[in-house]
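Take the sequence shown: its position 30, counting from 1, is numbered 29 in numbering that gives the first Met the number 0, and each next residue is one higher.
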Amino acid sequence: MKQPDELLAPHQVHLWHAFTPQQDEALNALQLGLLTPEERTRMARFHFERDRHRYLITRALVRTVLSRYAPIEPEAWSFEPGPHGRPHITNPHPLAQALRFNLSHTDGLVVLAVTTGREVGVDTESMARTAPLEVADRFFSKREAQALRALPTSAQAHRFWELWTFKESYIKARGMGLSLPLSKFSFQLDHEPGVDISFEEGLDDSPARWRFWQLRPDANHLVALCLEASTTTEPVEFVCKTVQPLRSQAPLAFELTRRPQS
């Protein structure tokens, strides 16, 4: 039986980065062979070629990376959506059942976070995008929106993307998507490099349950990570890699720009 290629300790988070270059027809054909008929049908529904290509990279990334942690071939992984759409692994192998993963993509980058036994959420954004500041006024908490608007104009776009990616990482770790109102929880980012979260009454959660980090894998992208807290005293270790599914992988240097306040 195939042995896992990657060892994943409980205190580790593995982050796999697929930067999306120009298409390679031969490689894409191999990646397409990993997809289920349902995935191929969904891929074909995208109107733009760039979206079809990104979907292909996304699915190939998930399947090939997960196969590094369990003796399951990439095309043999099976998933079921949860109540709010987040997929979970249905393969019965114990190594597969222990895995938790989350995925995010933006212009030029797909990121996959993998942990064992702890819920995880990840979100990434391209810093080249124009920040829709009006979204903060309409959907963020009042505290967040006021703190954002109090910043110098030149700093508001960066702070918006920080808040947005942290909020997305949290709701993805919860597996609830946008059914969880963005205004019901707040991030405090005033004391760099710290990051804290608070909740309104009735949200049924505790700040002690979650830890947050922010990473910069390159100059153009921001990555926010939400990780379920653990009783282990070992500090969280990030292992970052860049990968082209079915072709290559390599260690990826990154900058850790925010971490838990305490």
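Glycine is no exception: its CB is placed at the ideal position from the N, C-alpha and C atoms.
With DSSP collapsed to three states, give me the class of residue i.
i	result
residue 27	helix
residue 17	strand
residue 112	strand
residue 202	coil
residue 259	strand
residue 214	strand
residue 181	helix
residue 94	helix
One question on the structure: do residue i and residue j come within less than 9 Å of each other, judged by their Cβ atoms?
i	j	result
residue 159	residue 127	no
residue 195	residue 145	no
residue 62	residue 73	yes
residue 216	residue 16	yes
residue 156	residue 129	yes
residue 119	residue 172	yes
residue 168	residue 225	yes
residue 87	residue 175	no
residue 121	residue 222	yes
residue 254	residue 214	yes
residue 11	residue 115	yes
residue 162	residue 177	no
residue 189	residue 198	no
residue 165	residue 211	yes
residue 9	residue 231	yes
residue 105	residue 220	yes
residue 191	residue 209	no
residue 143	residue 103	no
residue 31	residue 39	yes
residue 29	residue 58	no
residue 68	residue 24	no
residue 117	residue 193	no
residue 60	residue 42	no
Tell me the residue span of the beta strand (DSSP E) that contains residue i.
i	result
residue 196	193-198
residue 124	119-125
residue 8	Where residue 8 is concerned, there is no enclosing beta strand (DSSP E), given that its DSSP letter is neither H nor E.
residue 132	Per DSSP, residue 132 belongs to no beta strand (DSSP E); it is in the alpha helix (DSSP H), 132-138.
residue 185	184-187
Where does the unbroken alpha helix (DSSP H) through residue i begin, and where does it stop?
i	result
residue 157	152-173
residue 142	141-148
residue 98	First-last for residue 98: 98-105, but that is the beta strand (DSSP E), not the alpha helix (DSSP H).
| query | Which parts of the stretch 224-253 are runs of the beta strand (DSSP E), unbroken and 3 residues or longer, counting only runs that do not cross its ends? | reply | 236-243 and 247-250
| task | Just list the beta strand (DSSP E) runs in the stretch 45-87, keeping only unbroken ones of 3 residues or longer that don't cross its boundaries, in chain order. | result | Uninterrupted beta strand (DSSP E) stretches at least 3 residues long and entirely within the stretch 45-87 occur at 78-80, given in chain order.
| task | Check whether the stretch 34-49 touches the stretch 94-103, counting contact only when three or more Cβ pairs, one atom from each stretch, lie closer than 8 Å. | result | Of all C-beta pairs linking the stretch 34-49 to the stretch 94-103, fewer than three are shorter than 8 Å, placing the two stretches out of contact.
| query | How do the stretch 108-116 and the stretch 136-143 stand: do at least 3 beta-carbon pairs fall below 8 Å, yes or no? | reply | no
| task | Count the CB pairs spanning the stretch 236-255 and the stretch 12-31 that are closer than 8 Å, and state whether there are at least three. | result | yes
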